[in-house]
Amino acid sequence: MTSPRIYLDNAATSFPKPEVVYAAVDQYQRELGCAVGRGSSAAATQVQSLVNQCRANLAELLGVPKPEHVLFAFNGTDALNLAIHGLLRPGDRVITTCWEHNSVLRPLKHLEALGVQTEFLAPNEQGTFSLDELQSLLEKPTRLVIFTHASNVTGCLQPIEQATRLAKDRGALVLIDAAQTAGHVPINFKDLGADALACPGHKGLLGPLGTGLLIIREGLEQELVPTRQGGTGTDSMSENQPTDLPARYESGNHNAVGLVGLRASSEWLLRRGVASIEKQVAELAELLESGLSSLPRVEVLGAGPKVGVVSISVPNIEPQVMASLLDQHFHIETRAGLHCAPRSHAALGTLELGGTVRFSIGPFTTANEIETAVEAVAQICAAM
Ligand SMILES: Cc1ncc(COP(=O)(O)O)c(C=O)c1O
395 MTSPRIYLDN AATSFPKPEV VYAAVDQYQR ELGCAVGRGS SAAATQVQSL
445 VNQCRANLAE LLGVPKPEHV LFAFNGTDAL NLAIHGLLRP GDRVITTCWE
495 HNSVLRPLKH LEALGVQTEF LAPNEQGTFS LDELQSLLEK PTRLVIFTHA
545 SNVTGCLQPI EQATRLAKDR GALVLIDAAQ TAGHVPINFK DLGADALACP
595 GHKGLLGPLG TGLLIIREGL EQELVPTRQG GTGTDSMSEN QPTDLPARYE
645 SGNHNAVGLV GLRASSEWLL RRGVASIEKQ VAELAELLES GLSSLPRVEV
695 LGAGPKVGVV SISVPNIEPQ VMASLLDQHF HIETRAGLHC APRSHAALGT
745 LELGGTVRFS IGPFTTANEI ETAVEAVAQI CAAM
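Each residue of the sequence shown is one higher than the one before, starting from 395 at the first, in this note's numbering.
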């Protein structure tokens, strides 16, 4: 008999989703099927109302006072691109960290050629960065500071509250990449005091792929230039892009099926409570980390407070080999390689080895699955 599938790649995208997500997507596909904001039939009105509820749920979940400040995007990368391209102009200076994903690094690299200057905070032993260094870099005029909330390689939580305060005190704009934290740790956008926060809808928020969001604070629309123009289903006589929110940034048809699923998952999260997921995932991450780090030769990367992401490195076993063996022999799905975050591996010293093997936990992961994964790594290490 084959062993059951164990999915430990929730940092890439969450799986499984809550049952209500499958039911909502199925109902939309079979019974509704209309575009959002483009018609007035009973079905179209129902779809519009589901999408409005999705926006309201996300605002409630993430501490956003007005739902229209939740802008829909198609993934985390799309939301980050809107913020980065929409806020930066030639001559601007940006500060960021070496823990960022390529969805931050690559837009910044692209903008470098157009005269945007990026400075990187040095990594420290805890897998974060120094607030003192940030303070000194902020002495020069800075347009934007970008922090990931938690590294997608080590899971290490970054000191974003203190860092945001420092940056705001110096008049810089702050963008948070919450790809690994939204739905995993409680976030209150208003209390955080950042200008914008981007995240996918398909990871911790448990919605379908093809969903993402950018949250903006009141008034940021004066600074944030839309990066797309087009049909919004409103004010159709005008050739100018509407200026009201969220239409200013939401041109073209929405991913209605994805948003209907995200409505269901956000409602599920509101009922379940993100703090309770955080606690459950932290217990499993502790079990995983202590189990893996007790194995000879296995190094767990990154110290300090983390989300449910655990990366390991084993001398003489390439990450791709370990991940393939876990998949083929134990049906355990992990992710091997650089995880689209090359500077993180340069900081951790895992670039030469081809990265790490990453295990990432979701709200449906069980202790039994974690124990099986630790035992599987132990068997592979013993055999090689
Ligand atoms: C830290 C971080 N930022 C951004 C992204 C990009 O999100 P998406 O895959 O939804 O584009 C990811 C995805 O893995 C991530 O881990």
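Note that the Cβ used here is the ideal one computed from N, Cα and C, for glycine as well.
On a predicted model such as this, the values are computed, not experimentally measured, just so you know.
Buried or exposed: where does residue i fall if 16 or more other Cβ atoms within 10 Å of its Cβ makes it buried?
i, result
"A697", "exposed"
"A813", "Outside the shown range of the chain (395 to 778) lies residue 813, about which nothing can therefore be said."
"H739", "buried"
"T760", "exposed"
"D403", "buried"
"P459", "exposed"
"L664", "exposed"
"T439", "exposed"
"T744", "buried"
"G667", "exposed"
"H495", "buried"
"L508", "exposed"
"S408", "buried"
"S754", "buried"
DSSP three-state call for residue i: helix, strand or coil?
i, result
"A516", "coil"
"S660", "helix"
"A730", "strand"
"S670", "helix"
"V654", "helix"
"F409", "coil"
"P461", "helix"
"E644", "coil"
"V539", "strand"
"K597", "coil"
"A566", "coil"
"S754", "strand"
"I764", "helix"
"D589", "coil"
"L532", "coil"
"D472", "helix"
"S718", "helix"
Between residue i and ligand 3, is the CB less than 7 Å from at least one heavy atom?
i, result
"A406", "Within the structure as shown, ligand 3 is missing, the only ligands being ligand 1."
Please go through the same chain and pick out, in chain order, the residues whose beta-carbon is closer than 8 Å to the beta-carbon of residue i, but skip the five residues on each side of it.
i, result
"C775", "L689, P690, R691, V692, V708 and I711"
"R399", "H725 and E727"
"L482", "V488, L505, V510, R537 and L538"
"C734", "H495, N496, S497 and N546"
"E527", "L515 and A516"
"C550", "W493, Q520, G521, T522, A544, G696, A697, G698, P699 and K700"
"A777", "none"
"Q423", "V651"
"K411", "L600, G601, P602, G655 and S659"
In its own chain, which residues sit with a C-beta less than 7 Å from the C-beta of residue i, not counting the 5 before and 5 after it?
i, result
"S718", "none"
"C448", "L653, L656, R657 and S660"
"Q623", "Q635 and S645"
"L639", "E462, H463 and E615"
"L686", "V692, V694, V704, I706, V768 and V771"
"D472", "G606"
"D721", "E727"
Which residues in the same chain have their Cβ closer than 6 Å to the Cβ of residue i, if we skip the five residues on either side of it in sequence?
i, result
"G480", "L618, V619 and T621"
"R611", "D589"
"V751", "I706, P713, M716, A717, T728 and A730"
"P501", "N475 and I478"
"G749", "P713, G731, L732 and H739"
"T548", "G521, L695, G696 and S705"
"A641", "T626 and T628"
Measure from the C-beta of residue i to each C-beta in chain B and report whether the shortest distance is under 8 Å.
i, result
"R691", "Among the protein chains of the structure shown there is no chain B, as only one such chain exists."
Counting beta carbon pairs with one atom in the stretch 614-628 and one in the stretch 665-682, are three or more of them shorter than 8 Å?
no
How do the stretch 433-450 and the stretch 576-591 stand: do at least 3 beta-carbon pairs fall below 8 Å, yes or no?
no
Would the stretch 589-606 count as touching the stretch 647-657 if we require 3 or more Cβ pairs under 8 Å?
yes
Can you confirm whether the stretch 472-491 touches the stretch 516-536 when touching is taken to mean that 3 or more C-beta pairs between the two stretches lie within less than 8 Å?
yes
For the pair the stretch 514-530 and the stretch 452-470, tell me if three or more CB-CB distances fall below 8 Å.
no
Any chance the stretch 552-564 sits against the stretch 464-474, with 3 or more Cβ pairs inside 8 Å?
no
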